[in-house]
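Converting from the sequence shown to our numbering requires adding 761 to each position, the first position being numbered 1.
Ideal Cβ positions, reconstructed from N, Cα and C, are used throughout, including at glycine.
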Amino acid sequence: MSDTDQRVIVFIDAQNFYRSARRAFFDDRADPARLGQFSPRRLGELLAGRDSGRRLVGVRLYTGRPDGYLQRKAHAANVRQTQAWEQAGCYVFTRPLRYPYGWPNNRDGRRPEEKGIDVAMALDVVRLSDAERACEIAVICSGDTDLIPAVEQVLDGDNGCTVEVAGWRSEHYRQRLSVKGHNRKPTTPGADRSEGDAKYVEPAR
């Protein structure tokens with residue numbers, strides 16, 4: 762590790778990345794919920810260590826939090842998971858889930874959903890990569906297209922920061938956040954590199 766190493770911050774949309782792992786490697790409708798879980802810290806170390814001259818300086822997760830009254834068990838599990846991530850040295854941003862009126866007896870069948878997670882993550886990507894220049898490489902772990910404007914702002918800015926995009930890939934599924942004008946064909950199996958320099962990588966299961 763050297764002071765001249767490029768600083769890497771990994772930004773993870775926790776639910777988006779978890780669900781994508783299940784779609785890539787498991788049966789999302791039938792397999793136990795524990796399948797698809799991953800270690801954010803180890804993932805960050807893997808992504809930062811793909812090339813020499815890089816050092817991980819932060820892993821940041823963004824996730825919704827179930828209501829402690831409406832979903833007591835899910836809320837407790839979320840709190841435990843968040844604490845484990847923080848103990849591993851990660852930063853965790855949580856925001857309450859939004860519930861349909863009358864849930865769980867609502868007639869339209871809608872489920873609780875995350876709101877504002879992508880916005881919080883996008884703001885942090887721009888703030889830390891562009892405004893504060895806290896890293897030279899920002900790694901985005903999400904397939905949410907709402908993040909594209911933030912990625913484009915960082916790539917188009919005069920900040921010395923590049924952006925990499927990480928996603929799960931299997932024989933039947935591929936998670937990828939494409940940024941127009943910053944993508945090119947794979948140069949090695951499992952890696953798409955861009956002029957930006959966005960990357961598609963295949964983290965270990």
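Answer yes or no: do residue i and residue j have a C-beta to C-beta separation smaller than 9 Å?
{"i": "D774", "j": "R783", "result": "no"}
{"i": "S903", "j": "F772", "result": "yes"}
{"i": "D885", "j": "Q914", "result": "no"}
{"i": "S781", "j": "G928", "result": "yes"}
{"i": "I852", "j": "V880", "result": "According to the sequence provided, residue 852 is Tyr. The question's Ile does not apply to it. Cβ atoms of Y852 and V880: not closer than 9 Å."}
{"i": "R888", "j": "C922", "result": "no"}
{"i": "T843", "j": "R856", "result": "no"}
{"i": "A809", "j": "I898", "result": "yes"}
{"i": "Q977", "j": "R833", "result": "Any answer about residue 977 is impossible in this case: the structure gives the chain only from 762 up to 966."}
{"i": "P910", "j": "A883", "result": "yes"}
Could you tell me if residue i is buried or exposed, where buried requires 16 or more neighbouring beta carbons within 10 angstroms of its beta carbon?
{"i": "P947", "result": "Low per-residue confidence applies at P947: pLDDT is 37, beneath 50, and the placement is therefore not dependable enough to give any value."}
{"i": "D764", "result": "exposed"}
{"i": "P865", "result": "exposed"}
{"i": "N777", "result": "buried"}
{"i": "N867", "result": "exposed"}
{"i": "E925", "result": "buried"}
{"i": "L831", "result": "exposed"}
{"i": "T949", "result": "With a pLDDT of 32 at T949, under the threshold of 50, the modelled position of this residue cannot be trusted; read the value that follows with caution. Exposed, by the Cβ-count rule."}
{"i": "I770", "result": "buried"}
{"i": "P801", "result": "buried"}
{"i": "T906", "result": "exposed"}
{"i": "R945", "result": "Confidence at R945 is low in this model, with a pLDDT of 42, below 50, so its placement is unreliable and no value can be given for it."}
Can you check DSSP and say which residues form a bridge with residue i?
{"i": "V924", "result": "A899"}
{"i": "R821", "result": "F772, Y852"}
{"i": "R826", "result": "P857"}
{"i": "R816", "result": "R768"}
{"i": "R930", "result": "R935"}
Can you tell me whether residue i sits near the ligand SAH, meaning its C-beta is under 8 Å from at least one heavy atom of the ligand?
{"i": "D919", "result": "In the structure shown, the ligand SAH is absent, as is every other ligand, since no ligand is present at all."}
Contained beta strand (DSSP E) runs [length at least 3] in the region 852-901, N- to C-terminal order: Within the region 852-901, the complete beta strand (DSSP E) runs of at least 3 residues are 852-857.
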